[in-house]
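In the numbering used here, the protein residues as written are 19 to 172. Ideal placement from N, C-alpha and C gives every residue a C-beta, glycine not left out.
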């Protein structure tokens, strides 16, 4: 059995391709590929953090986020992307990435997470114990996309 672990994306990963098989995840809003190189560039330029679920053979999943200060009361974790390669779905890797996000939130005293996702994604988060506190249509991202806001489970 392969030992997978989560670690920060680095330049050594750029030769490894990663695709989920979902066009809405693998492409940006202009239809350009969202590559590992692009994640790394965005981390440096805009303060995002990207982590990979990986082993010696490949990258199975990616999670990318940005911690934002919207108020003086608390920071909010903006979950930019969480995805698992199609051939590795159903193995609990998405839940493992979200457990990692939960750990980040606990360690940084973050109480709110928000993301833009397809409407069908909300049950995934709720099943993991995240409390949905607000959900609304987000026309910026197109039809079927919603902004979801969750309270971090304690």
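Pair within 7 angstroms by beta-carbon distance, residue i and residue j
i: residue 27; j: residue 70; result: yes
i: residue 118; j: residue 24; result: yes
i: residue 112; j: residue 122; result: no
i: residue 94; j: residue 130; result: yes
i: residue 22; j: residue 73; result: yes
i: residue 104; j: residue 39; result: yes
i: residue 98; j: residue 82; result: yes
i: residue 36; j: residue 54; result: yes
i: residue 115; j: residue 140; result: no
Whole-Å CB distance - residue i paired with residue j, under 8 angstroms assumed
i: residue 96; j: residue 132; result: 6 angstroms
i: residue 137; j: residue 164; result: 5 angstroms
Local Cβ density within 10 Å of residue i, reported as buried at 16 or more and exposed below that
i: residue 124; result: exposed
i: residue 45; result: exposed
i: residue 31; result: buried
i: residue 19; result: Its pLDDT being 42, under 50, residue 19 is placed unreliably in this model, and the value from its coordinates should be taken loosely. Its Cβ having fewer than 16 others within 10 Å, residue 19 is exposed.
i: residue 80; result: buried
i: residue 100; result: buried
Take every Cβ of the segment 59-66, pair it with every Cβ of the segment 101-112, and state whether three or more of those distances are shorter than 8 angstroms. The segment 101-112 and the segment 59-66 do not touch, with fewer than three beta-carbon pairs separated by less than 8 angstroms.
What are the complete alpha helix (DSSP H) segments, minimum 4 residues, inside the segment 48-83? If we require 4 residues or more, the alpha helix (DSSP H) runs fully inside the segment 48-83 come out as 54-64.
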